[in-house]
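*Asks:* So the sequences go chain by chain: G and X.
Per UniProt numbering, the first sequence starts with residue 1, numbered consecutively.
Per UniProt numbering, the second sequence starts with residue 1, numbered consecutively.
Number of protein chains: 2
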Amino acid sequence: MQFNLFPKEVYINRRKRLQELVGSGLILLMGNQESSMNYKDNWYPFRQDSTFLYYFGLDVAGLAATIDAESGATTIFGNELSMDDIIWTGLLPTVREMAEMVGVSSTAPYQKAGKLVQDAQAHGRTVHILKPYRPENSMQLAAWLCTAPEMADSLTLIKAVIEQRAHKEAIEIKEIEDAVSISADMHMAAIRHTRPGMKEYELVAKVEEVAAAANGRLSYPVILSVNGQVLHNHYHGNTIRDGQMILNDAGAENAMHYAGDLTRTFPVGREFTSRQKELYQIVLGSMDHAISLLRPGITFREVHAQASETLLSGLKAIGLVKGDPAEAVAAGVHTLFFQCGLGHMMGLDVHDMEDLGEEYVGYTDTLKKSKEFGWKSLRLGRELETGYVLTVEPGIYMIPELIDRWAAEKKLEHFINYKAVAAYRDFGGIRIEDNFLITEDGSHKLGKHLPKTLKEIEALRLY
Amino acid sequence: MQFNLFPKEVYINRRKRLQELVGSGLILLMGNQESSMNYKDNWYPFRQDSTFLYYFGLDVAGLAATIDAESGATTIFGNELSMDDIIWTGLLPTVREMAEMVGVSSTAPYQKAGKLVQDAQAHGRTVHILKPYRPENSMQLAAWLCTAPEMADSLTLIKAVIEQRAHKEAIEIKEIEDAVSISADMHMAAIRHTRPGMKEYELVAKVEEVAAAANGRLSYPVILSVNGQVLHNHYHGNTIRDGQMILNDAGAENAMHYAGDLTRTFPVGREFTSRQKELYQIVLGSMDHAISLLRPGITFREVHAQASETLLSGLKAIGLVKGDPAEAVAAGVHTLFFQCGLGHMMGLDVHDMEDLGEEYVGYTDTLKKSKEFGWKSLRLGRELETGYVLTVEPGIYMIPELIDRWAAEKKLEHFINYKAVAAYRDFGGIRIEDNFLITEDGSHKLGKHLPKTLKEIEALRLY
Chain G
1 MQFNLFPKEV
11 YINRRKRLQE
21 LVGSGLILLM
31 GNQESSMNYK
41 DNWYPFRQDS
51 TFLYYFGLDV
61 AGLAATIDAE
71 SGATTIFGNE
81 LSMDDIIWTG
91 LLPTVREMAE
101 MVGVSSTAPY
111 QKAGKLVQDA
121 QAHGRTVHIL
131 KPYRPENSMQ
141 LAAWLCTAPE
151 MADSLTLIKA
161 VIEQRAHKEA
171 IEIKEIEDAV
181 SISADMHMAA
191 IRHTRPGMKE
201 YELVAKVEEV
211 AAAANGRLSY
221 PVILSVNGQV
231 LHNHYHGNTI
241 RDGQMILNDA
251 GAENAMHYAG
261 DLTRTFPVGR
271 EFTSRQKELY
281 QIVLGSMDHA
291 ISLLRPGITF
301 REVHAQASET
311 LLSGLKAIGL
321 VKGDPAEAVA
331 AGVHTLFFQC
341 GLGHMMGLDV
351 HDMEDLGEEY
361 VGYTDTLKKS
371 KEFGWKSLRL
381 GRELETGYVL
391 TVEPGIYMIP
401 ELIDRWAAEK
411 KLEHFINYKA
421 VAAYRDFGGI
431 RIEDNFLITE
441 DGSHKLGKHL
451 PKTLKEIEAL
461 RLY
Chain X
1 MQFNLFPKEV
11 YINRRKRLQE
21 LVGSGLILLM
31 GNQESSMNYK
41 DNWYPFRQDS
51 TFLYYFGLDV
61 AGLAATIDAE
71 SGATTIFGNE
81 LSMDDIIWTG
91 LLPTVREMAE
101 MVGVSSTAPY
111 QKAGKLVQDA
121 QAHGRTVHIL
131 KPYRPENSMQ
141 LAAWLCTAPE
151 MADSLTLIKA
161 VIEQRAHKEA
171 IEIKEIEDAV
181 SISADMHMAA
191 IRHTRPGMKE
201 YELVAKVEEV
211 AAAANGRLSY
221 PVILSVNGQV
231 LHNHYHGNTI
241 RDGQMILNDA
251 GAENAMHYAG
261 DLTRTFPVGR
271 EFTSRQKELY
281 QIVLGSMDHA
291 ISLLRPGITF
301 REVHAQASET
311 LLSGLKAIGL
321 VKGDPAEAVA
331 AGVHTLFFQC
341 GLGHMMGLDV
351 HDMEDLGEEY
361 VGYTDTLKKS
371 KEFGWKSLRL
381 GRELETGYVL
391 TVEPGIYMIP
401 ELIDRWAAEK
411 KLEHFINYKA
421 VAAYRDFGGI
431 RIEDNFLITE
441 DGSHKLGKHL
451 PKTLKEIEAL
461 RLY
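1) Determine the contact status of K199 of chain G and T239 of chain G, defining contact as a CB-CB distance below 9 angstroms.
2) Using the beta-carbon of each residue, which ones in chain G are nearer than 8 angstroms to D49 of chain X?
3) Given this structure, state the Cα-to-Cα distance separating residue 466 of chain X from Y235 of chain G, to the nearest angstrom.
4) Can you list, in chain order, the residues of its chain whose CB lies under 7 angstroms from that of E175 of chain G, leaving out five sequence neighbours each side?
5) Expressed to the nearest angstrom, what Euclidean distance is found between the alpha-carbon atoms of E327 of chain G and E34 of chain X?
6) Mapping the DSSP letters down to three states, classify A250 of chain X as helix, strand or coil.
7) Could you give the DSSP three-state label for D85 of chain G: helix, strand or coil?
8) Work out the CA separation of Y363 of chain G and R134 of chain G for me, nearest whole Å.
9) Applying the 10 Å Cβ sphere with the 16-neighbour rule, what's the burial state of M98 of chain X?
10) Which residue's Cα is closest to the Cα of L284 of chain X: X:F266, X:W144 and X:P296?
11) Within a Cβ cutoff of 6 angstroms, which residues of the same chain sit near A214 of chain G, ignoring the five residues on either side of it in sequence?
12) Could you give the first and the last residue of the continuous alpha helix (DSSP H) run that contains D68 of chain G?
13) Thinking C-alpha only, which one of X:R431, X:V333, X:S443 and X:S377 is nearest L412 of chain X?
14) Exposed or buried, what is C340 of chain G when buried is set at 16 or more other beta-carbons lying within 10 Å of its beta-carbon?
15) Under 9 angstroms between the Cβ atoms of A108 of chain G and T74 of chain G?
16) Quick one: Cα of S138 of chain G to Cα of D49 of chain G, how far?
17) Counting only beta-carbon separations shorter than 9 angstroms, does Q2 of chain X have a partner in chain G?
18) So, is the C-beta of T89 of chain G closer than 9 angstroms to a C-beta in chain X?
19) Can you check whether the CB of N435 of chain X is closer than 9 angstroms to the CB of V180 of chain X?
20) Please confirm whether A212 of chain X and V204 of chain G have their CB atoms less than 9 angstroms apart.
21) Does the beta-carbon distance from G62 of chain X to G31 of chain X come in below 9 angstroms?
22) At the level of alpha carbons, what is the spacing between G374 of chain X and H344 of chain X?
23) To the nearest angstrom, how far is the alpha carbon of G237 of chain X from that of E172 of chain X?
24) Going along the chain, which residues of its own chain have a beta-carbon closer than 7 angstroms to the beta-carbon of T156 of chain X, five neighbours each way excluded?
25) Can you pull the DSSP bridge partners for P267 of chain X?
26) Are the C-beta of R295 of chain X and some C-beta of chain G separated by less than 9 angstroms?
27) Residues of chain X with a CB under 8 angstroms from the CB of D355 of chain G: which are they?
28) For D365 of chain X, name the three-state secondary structure that DSSP assigns.
29) What is the C-beta distance between Y388 of chain X and G429 of chain X, in whole angstroms, given that I count them as a contact (C-beta under 8 angstroms)?
30) Threshold first: 3 residues or longer. Then list the beta strand (DSSP E) segments lying entirely within the UniProt domain "Aminopeptidase P N-terminal" (6-138) of chain X, N to C.
31) Taking the alpha-carbon positions, what's the P132 of chain X to D355 of chain X distance?
32) If we ignore side chains and look at the alpha-carbon of each, how far apart do Y463 of chain X and Y424 of chain X end up?
33) Could you compute how far the alpha carbon of E383 of chain G sits from the alpha carbon of M37 of chain X?
34) So, for Q19 of chain X: in the same chain, excluding its five sequence neighbours on each side, which residues have a beta-carbon less than 7 angstroms away from its beta-carbon?
35) Give me the chain C residues within the contact set of N227 of chain X, using Cβ-Cβ distance strictly less than 7 angstroms, ordered along the chain.
36) What in chain X is Cβ-close to W43 of chain G, meaning under 7 angstroms?
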């Protein structure tokens, strides 16, 4: 068995910086446990916690680690294999050998972490933890801390981790480029493989194969559907027909666990219909405008607002909305068509660091997330900085239930031409998505080229 | 969205029978919740609990159900979607509509199940539950029962569920045939796709694609490796070379969630080596003998013992062991080469009902599982009955660490020719596995034909 790791200095330096940022107390970072599927020992594919990966790199279940923010003393906790284990799993490195691979010289059995935590508490020291999202870790932390994990002080740690993980290192950008390029290959396979009469799940199978054949996996469950208006559609049982579009939102997680997250919308048949082309072009125009705005110093909230305004300008041109597009965005008109956010941070998680809290990852003490419909789904609002990696993913989604409700309420009817919108009630949805690194003077699109213009897409449908 | 369901009478009849078998008290069955991967809302593919599927069929997260074993009153508990949910997930049937699909007319919000449970407890009634294997359900049950789930009485329920699920209905056998046939396709793809120089994960990708393209998934993580001696080997990073064998243990879960579980061992190059052929033939002989014994009335423990004896006879013929094979099996000699069990029950779970306890599924009050090395890994020992579905999977595994330990201890050296065994230290492993239904007069091999003789396998490697 071979470990996929950066050079050990990468982890040593990251931990040193974390220690400086946190300054005092004991930092406890939990690795993940195996996750049971339909009985205890039938496991889902193991996924290590991303923050644990960031500081310790070890992609193995059943580990935890502490960093003393004052002394710098660092220990990895885990249990050694028995001969019985070796028969089933083969010979694996010891915990001590694994720890050495990432520059840690102190190791101890897993449950010893609890003792260290309790000793620190007994001496009145702060124990910094991250809020657990896996129930196994919730229960373990509750036992070790002798209190619910929610009660432990962790804001200092949360902010320190975000400060580090939000600014991608060159070594990470290389991995993200790789993950996005694999993701692009997944999309090319789907576009080329599509034929009227197939089932959606046959395309999903192809997408997954490309990820797995590159020693990767999916960074999130594939959204691939002729019902693109359903934002998180994981039903893949439809037969696809000429005249429909496929919305494919799929990304790879590469062998180093960095994510890609791309979306393309393409015709089931050889060509888009003229109505599909019209709306596609509006989404693409919004995307191009958003990309042109990306640079350090602009808030992503502003980019989202301008992208929404561009969408409404386009919808105005075809008679679906009326009035001033900027005023319409201020009133929330765009949220009838674009109910979600323009993008989010991306890295070791596809929604990077979502477990640490969107209010800290995507917003700040002074810029808070809006609670209004549509805006509340914008995961990233803060001012962009060099080294951020994010997605740009505008879309138009005709959700019949939402259109019906707004129309019945005559909501914002001075902006919305409901009679014209009614004709699009069963249109479906379009999303286009690429991934970007914020550079000193703008942005850099990550990964290999993936066709996105109408002409490029239709050229791929010549069969 | 379309639900994959049997006719509602199937579920109604199963529940009626369960009610009769349990007789008194309140039965509480937990459906599964979504399972978080690297942050709360990034989920693993949903897998419903198999017992919940068996009695209620609904493949949806966040449900629970009760059956009053006296009155027969049955309720499904679940929460309705909000408009916000619908935007993300699309319009889904209501809980009431879903319940009607499986013949249940009473529904209530999820947390009401707790009230029903507590009312029953307050009236001194037994609440029957199954031991949870997912931590979300452990925590929920602890809250509802006001006690640790381990404390609740459930043996009556466990035995009733096993009695039903162990005897497969005709409608289930059809689904298992389907799952095994998809599994056979997965194996054919792997055998045909293999070329020296490839990575193991490229073959895994192909295997997964076949399952997904049939609207299925994996019934367990693929074991596919040139290190076949590692029984549960989920590392797929090796480059495969001519002269090596691939051991591929992979099965599909079909759209109705029934499992297949097949293993084949084949050469990376065009042909097996003569030494590989020799051991392959020994394993195949053991398998054929085991299959010939399958019939109602024989214990699977006996089948395992005879299969082990056949293995040792073969190993004696090539000089690895000596003495009387039957005596050698009694002494445990076979466990140096065959450390695991000959097979297990299979159905909605690949190790069927493993969550209910091997001591009840595979053994009885009078036939207890052995605690000895090797024997303790035999999941199924009991007398076979018509309608059981099981796997037969003999193998020879040369585990260097185990050979070294036994050799150093001179363990059973009057039976084992350690000098000869040493030459096989790095041989690897061979397993061959098919799935069977126990019929009134013997057994029926499930699913389409998958080549297993040396000649058949090598014919597939002509490229």
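Built from N, CA and C at the ideal position, the CB exists for glycine as well.
*Replies:* Taking the definition as stated:
1) yes
2) N38
3) The structure shown has nothing for residue 466 of chain X, since chain X only spans 1 to 463.
4) N254, M256 and Y258
5) 40 angstroms
6) strand
7) helix
8) 24 angstroms
9) buried
10) X:F266
11) I182
12) Unbroken run through D68 of chain G is the beta strand (DSSP E), A64 to D68; no alpha helix (DSSP H).
13) X:V333
14) buried
15) no
16) 13 angstroms
17) yes
18) yes
19) yes
20) yes
21) yes
22) 14 angstroms
23) 37 angstroms
24) V22 and H128
25) X:M245
26) no
27) N38, Y39 and K40
28) coil
29) Rounded, the Cβ-Cβ distance is 27 angstroms, inconsistent with contact.
30) 26-30, 36-39, 64-68, 74-77 and 106-108
31) 8 angstroms
32) 29 angstroms
33) 29 angstroms
34) I67, A69 and G72
35) Looking for chain C here will not work: the only protein chains present are G and X.
36) P221
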